[in-house]
Amino acid sequence: MDTKHLYSSGWRDHKKTPQIHSLWRRLFRKKSLVAFSLGFALIGIFLIFFGVSWISDQMSQARGSLSKMENQASPLPGREAEKAVPIDPESLNLDLANLSDRFVLERGGIPLIVESSLDSGLQDYIIHLLQNSQNLQAAVVVMRPDDGRVLAMASYDKDPNGGDLCLKADFPAASLFKIVSAAAAFEFAGFTPEKTVYFDGRKHTLYKRQLKQRRGKYTSKISFKRAFASSINPVFGKLGIYNLGQKVMTDSAERFLFNQSIPFDLPVAESFIHVPDDDFGLAEIATGFNKSTTISPLHAALLASAVANDGVMMKPWLVKNISQENGEILYQNRPAKMTRSISKNTASELKILMKDTVVNGTCRKTFRSLRRKKAFKNVELGAKTGTINDKTDQFKYDWFTGYALPSNGAKGICIAVLGIHGKKLGIRANKLGRNIINHYFSSS
371 MDTKHLYSSG WRDHKKTPQI HSLWRRLFRK KSLVAFSLGF ALIGIFLIFF
421 GVSWISDQMS QARGSLSKME NQASPLPGRE AEKAVPIDPE SLNLDLANLS
471 DRFVLERGGI PLIVESSLDS GLQDYIIHLL QNSQNLQAAV VVMRPDDGRV
521 LAMASYDKDP NGGDLCLKAD FPAASLFKIV SAAAAFEFAG FTPEKTVYFD
571 GRKHTLYKRQ LKQRRGKYTS KISFKRAFAS SINPVFGKLG IYNLGQKVMT
621 DSAERFLFNQ SIPFDLPVAE SFIHVPDDDF GLAEIATGFN KSTTISPLHA
671 ALLASAVAND GVMMKPWLVK NISQENGEIL YQNRPAKMTR SISKNTASEL
721 KILMKDTVVN GTCRKTFRSL RRKKAFKNVE LGAKTGTIND KTDQFKYDWF
771 TGYALPSNGA KGICIAVLGI HGKKLGIRAN KLGRNIINHY FSSS
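For our numbering, add 370 to where a residue sits in the sequence shown, where the first one is 1.
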């Protein structure tokens with residue numbers, strides 16, 4: 371028996387065993403290397419992910435701490451706070467006597483730059499005009515009817531301690547109130563500009579006997595348009611009694627902002643009216659032939675602006691913007707509608723009446739030369755005047771309110787002028803108004 375085959379211990383068997391072990395060792399090394407590599411990679415990913423997250427958290431905390439420190443820190447002397455507080459122009463207590471198109475005010479030690487709507491050239495012209503008007507007192511407001519900006523606001527008082535007059539409502543409205551009465555006639559009584567109306571006696575008186583609905587041998591007839599243009603009191607007196615009445619008169623006056631507050635950048639006194647229920651009281655109110663209905667010059671300009679702007683009364687404004695020295699805007703004006711006083715159609719009819727005042731009525735002679743100028747060939751001019759004495763008959767209140775609207779699309783203006791005369795008459799309000807309108811369009 372050949373034991374070599376039963377117990378093979380030759381070199382082949384000896385050589386085969388080490389080769390197997392070597393193969394397993396190589397495989398083990400490769401698997402270990404792969405496992406080690408995978409493990410190391412997973413550990414790296416873990417460290418990167420959580421490391422980035424930790425770093426991000428730390429940076430956020432640092433930024434939060436820094437921001438908190440900045441917010442808690444007081445501003446350096448002479449510098450503004452980080453966030454400015456918006457400002458209401460009414461809180462500035464502006465002084466009308468010292469306004470210009472751009473000026474600086476201090477508030478809490480911080481300089482504020484105020485830009486206004488004033489036309490400095492027009493403002494200076496009006497101030498000089500009033501100082502030489504020989505009136506005891508006078509006031510002028512010029513504004514744009516389309517957006518409410520005030521272009522000029524100036525007053526004169528022979529008494530140096532008299533104060534500004536433009537925002538006071540201490541003055542009888544007189545025949546300016548016929549604008550309100552005429553608007554009510556169009557909207558509530560079916561009147562038209564060409565409607566025939568009748569009156570007895572003189573044009574500018576108001577007696578009870580003139581208010582009867584009878585027509586006699588000496589009764590005059592006239593168009594409603596011409597009655598407005600010539601400011602005929604008996605026509606408007608009967609209108610108040612027989613066509614309008616207390617409620618309509620009161621409602622119409624309030625739509626034109628009588629007994630209403632007028633929002634503005636400075637305090638404005640309320641214009642006052644009380645409509646009684648007796649016939650003669652209604653006649654006095656409708657004509658403006660009374661001394662109890664009062665109005666401010668600013669409000670008088672707004673009456674004309676409602677007509678010129680198709681019935682819409684825009685909010686008047688003087689302050690365009692307020693900013694800090696670094697340019698940060700604290701206030702920016704935005705034109706706004708204040709109220710619709712009348713319909714667009716009524717405004718068109720009132721324009722017919724106010725144009726007739728310039729062409730054929732109480733402003734005919736004063737505006738004749740202006741209307742002939744080439745520069746005013748395509749400018750629509752409308753006006754209403756009013757005159758009444760004070761309660762003691764020592765002073766005469768003299769009003770003009772009107773508008774000038776170019777037909778070429780340029781921006782128009784509306785204007786109110788108040789003159790207060792003593793025994794000697796100064797320059798009349800309608801002449802002052804004409805001169806201001808002429809200057810504005812000649813210099814623009």
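Glycine included, each C-beta is placed from N, C-alpha and C at the ideal position.
Cβ-Cβ distances below 7 Å link H791 to N505, L506, F765, K766, D768 in the same chain, with the five nearest sequence neighbours on each side left out; the list follows chain order. Following the DSSP letters along the chain, one finds S718 inside the alpha helix (DSSP H) bounded by residues 714-729. Between the alpha carbons of L700 and Q694 lies a gap of roughly 7 Å. When C-alpha distances from D458 are compared across K801, T620, L488, L636, the shortest belongs to L636. As computed with DSSP, D527 is found in a beta bridge with Q507. Taking C-beta separations shorter than 8 Å and ignoring five residues to either side along the sequence, the partners of D760 in its chain run P542, K661, K766, Y767, following chain order.
DSSP lists E476 as the bridge partner or partners of P481. Pairwise C-beta distances place the stretch 539-558 in contact with the stretch 704-713, as three or more of them are shorter than 8 Å. Inclusion of F547 and T663 in the CB contact set at 7 Å is warranted, their separation being smaller than that value.
Contact between the stretch 750-760 and the stretch 792-803 is present: 3 or more CB-CB pairs across the two stretches fall below 8 Å.
For K781, there is no enclosing beta strand (DSSP E), as DSSP gives it neither H nor E. Pairing V605 with V567 gives a Cβ-Cβ distance under 7 Å.
By the C-beta criterion, the stretch 650-657 is judged not to be in contact with the stretch 732-749, since fewer than 3 inter-stretch pairs fall below 8 Å.
Judged by beta-carbon spacing, V511 lies beyond the 7 Å limit of L673, meaning their Cβ atoms are not closer than that value.
For T664, the beta-bridge partners assigned by DSSP are P542.
The continuous stretches of alpha helix (DSSP H) do not include I632, and DSSP gives it neither H nor E.
Contact annotation: the stretch 527-536 does not touch the stretch 679-694, with fewer than three C-beta pairs closer than 8 Å. With respect to S622, C784 sits apart: the two C-beta atoms are not nearer than 7 Å. Under the DSSP assignment, P604 falls in the alpha helix (DSSP H) whose first and last residues are 603-608.
A direct Cα-Cα distance of roughly 5 Å separates A539 from S641. Short of 7 Å from the beta carbon of A678, and not among the five residues preceding or following it, lie these beta carbons of its own chain, in chain order: P515, Y773, L775, G782, C784.
Between K573 and I602, the C-beta spacing is below 7 Å. A552 sits close to L723, with the two beta carbons spaced by under 7 Å.
Judged by DSSP secondary structure, S593 falls within the beta strand (DSSP E) whose first and last residues are 590-593. A distance of 7 Å or more separates the beta carbons of L652 and G681.
Looking at the backbone, the Cα of G571 and that of K591 are separated by about 11 Å. Annotation for L482: L475, I692 place their beta carbon closer than 6 Å to its own, counting only its chain and skipping 5 residues before and after.
For the options L751, E698, G779, the alpha carbon positioned closest to that of T771 is the one of L751.
Unbroken alpha helix (DSSP H) stretches of 4 residues or longer found wholly inside the stretch 734-776: 734-741, given in chain order.
A Cβ-Cβ separation of about 6 Å places A522 in contact with L488 under the 8 Å criterion.
Distances from the CA of H809 to each of S490, N468, R477, L469 were compared; the closest alpha carbon is that of S490.
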